[in-house]
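For reference, the structure is listed below as structure tokens.
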DNA sequence: GTCTATACGAAGATAGAC
DNA sequence: GTCTATCTTCGTATAGAC
């Protein structure tokens, strides 16, 4: 019960943050949306909004990490596809209004949230680098390449939100695939 | 006089938006920072905050466009360097707290600001594509590659803000340079 | 035309009834 | 332990004195 409510609030917060940023996530709106009294927010999250935000960002981080880890081995292009498809779905399901809550945390004025964003970005980078190395990318280059994939996809999500279409994301993925191909010559 | 005040407000808004997003830009703070009475805001910007935001985003857009246009001809790597150096300076000058106001507009809940962000991103893409084509990139591929550069740099700015260092941006630029080199074989 | 003072709503947070 | 009612602060916006 209580546990479910908590989780629903975290997931709802993640979506609201991904849509409009941390400042646009109102505890009032969230409580109403999830059918929870406003006062209960501070029972579930004694640290208030900041605690909820951090948890929501970590929730998104873990969700995407799991998707990458569970992806089948289909070469560098496959890794890239799995990662970008996750965000393509988020974009499409929200009519290109929602994006990534981790980037929102990274662009917050509160440095506390920067730290959480950094951790998530690094986790994604590491798991992506591992997958790329498994798929034939030289181990020395994989981390740098993984970071580039994360950055380019995050930026492409922003461009797609501005455009209202998946075209920017699609084109960026095309070019990233070229880059990955040239980096994994043994395939 | 009045003209200078207006321009200062636009530039100040651009910085505040780049630092914390549109919601974090308060008209009160801006007026105080620029030494302007709060009420005067609505004399200079009858459309209120929305008008000021749009103008600030366009201001950033024009600023960066001009820098790219005025860059000397030094091949694809040079074009990339000029674009990324602009943002490296913004990051360093703000101790990695400020980023790009255009991305902030793209991630706003208000669709009106998406339109402005789209225009600026497209303008950058076009001028970058032109520079890349001049530098030896096949004209058919230049627009797609330019879009990738914009997206990757925007994302890298976010990663660098989260990390508190320029490392992510530097590494992404390295990989983008590889990609550009492979796309401009005649050099 | 410029600026002071204020209206009005919404934000985060908390006190205290049940 | 849950939830209602409320406190305080800060947001945009405006009315009206000068």
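Residue numbers (the numbering used here), protein chains in the order written: chain L, 277 to 463; chain Y, 277 to 463. Virtual Cβ for every residue (Gly too), placed ideally from N, Cα, C. It should be emphasised that the depicted structure is a prediction, and the values quoted were computed from it without experimental measurement.
query, result
"Cα-Cα separation, residue 286 (chain L) to residue 331 (chain L)", "7 Å"
"Spatial distance of residue 362 (chain L) from residue 313 (chain L) (CA atoms)", "32 Å"
"Beta-carbon proximity list for residue 377 (chain Y), same chain, < 7 Å, skipping 5 on both sides", "290, 293, 294, 332, 333, 336"
"Beta-carbon proximity of residue 453 (chain Y) to residue 445 (chain Y), cut-off 7 Å", "no"
"Delimiting residues of the alpha helix (DSSP H) encompassing residue 321 (chain Y)", "Segment: none, residue 321 (chain Y) is in no alpha helix (DSSP H) and carries neither H nor E."
"Euclidean distance between Cα positions of residue 406 (chain L) and residue 397 (chain Y)", "33 Å"
"C-beta neighbour in chain Y for residue 323 (chain L), strict 7 Å", "no"
"Interface residues of chain Y facing residue 438 (chain L) [CB-CB closer than 7 Å]", "382, 390, 393, 394, 397"
"Contact list for residue 302 (chain Y) against chain L, beta-carbon separation under 8 Å", "Neighbours of residue 302 (chain Y) on chain L: none; closest Cβ ~11 Å, over 8 Å."
"Interface flag, residue 310 (chain Y) vs chain L, CB-CB below 7 Å", "no"
"Nearest-angstrom Cα separation, counted from residue 306 (chain L) out to residue 288 (chain L)", "7 Å"
"Chain-ordered neighbours of residue 329 (chain L) on chain Y, where CB pairs are closer than 7 Å", "Ordered by position in chain Y, no residue passes the 7 Å Cβ test against residue 329 (chain L), which lies about 14 Å from the chain."
"Boundaries (first-last residue) of the alpha helix (DSSP H) holding residue 433 (chain L)", "418-439"
"Coarse secondary structure for residue 364 (chain L), derived from DSSP in three states", "helix"
"Outcome for residue 401 (chain L) when other beta-carbon atoms lying within 10 angstroms are tallied against a minimum of 16", "buried"
"Contact the region 368-376 of chain Y vs the region 362-375 of chain L: 3+ CB pairs below 8 Å", "no"
"Contact list for residue 299 (chain L) against chain Y, beta-carbon separation under 8 Å", "296, 297, 299, 300"
"Separation of residue 358 (chain L) from residue 364 (chain L), as counted between CA atoms", "10 Å"
"Where the region 348-368 of chain Y meets chain L: residues whose CB sits under 9 Å from a CB there", "none"
"Contact set for residue 304 (chain L): own chain, Cβ-Cβ below 7 Å, skip 5 residues either direction", "314"
"Of the residues L:348, L:381, L:311, L:438, the one placed nearest residue 299 (chain L), counting alpha carbons only", "L:381"
"Extent of the continuous alpha helix (DSSP H) to which residue 458 (chain Y) belongs", "443-459"
"Chain L contact for residue 458 (chain Y) (CB, 7 Å cutoff)", "yes"
"Neighbour-count burial assignment, residue 389 (chain Y), 16 or more Cβ in a 10 Å radius", "buried"
"Distance between residue 439 (chain Y) and residue 280 (chain L) (C-alpha atoms, nearest Å)", "33 Å"
"Sub-7 Å separation of residue 451 (chain L) and residue 424 (chain Y) beta-carbons", "yes"
"Cβ-based neighbour list, residue 325 (chain L), same chain, cut-off 7 Å, excluding 5 preceding and 5 following", "303"
"Neighbouring residues, chain Y, relative to residue 306 (chain L) (Cβ below 7 Å)", "The premise fails here: residue 306 (chain L) is roughly 14 Å from chain Y at the closest Cβ pair, so nothing lies under 7 Å."
"Member of L:297, L:296, L:320 whose CA lies at the smallest distance from the CA of residue 283 (chain L)", "L:320"
"Below-7 Å beta-carbon distance, residue 404 (chain L) vs any chain Y residue", "no"
"Among L:344, L:447, L:449, nearest to residue 410 (chain L) - alpha-carbon criterion", "L:344"
"DSSP three-state assignment for residue 463 (chain L), whether helix, strand or coil", "Its pLDDT being 47, under 50, residue 463 (chain L) is placed unreliably by the model, and the measurement read from it follows with that caveat. Here residue 463 (chain L) sits in coil by DSSP."
"Three-state secondary structure assigned by DSSP to residue 301 (chain Y)", "coil"
"Member of L:309, L:421, L:449, L:436 whose CA lies at the smallest distance from the CA of residue 379 (chain Y)", "L:436"
"Interface flag, residue 338 (chain L) vs chain Y, CB-CB below 7 Å", "no"
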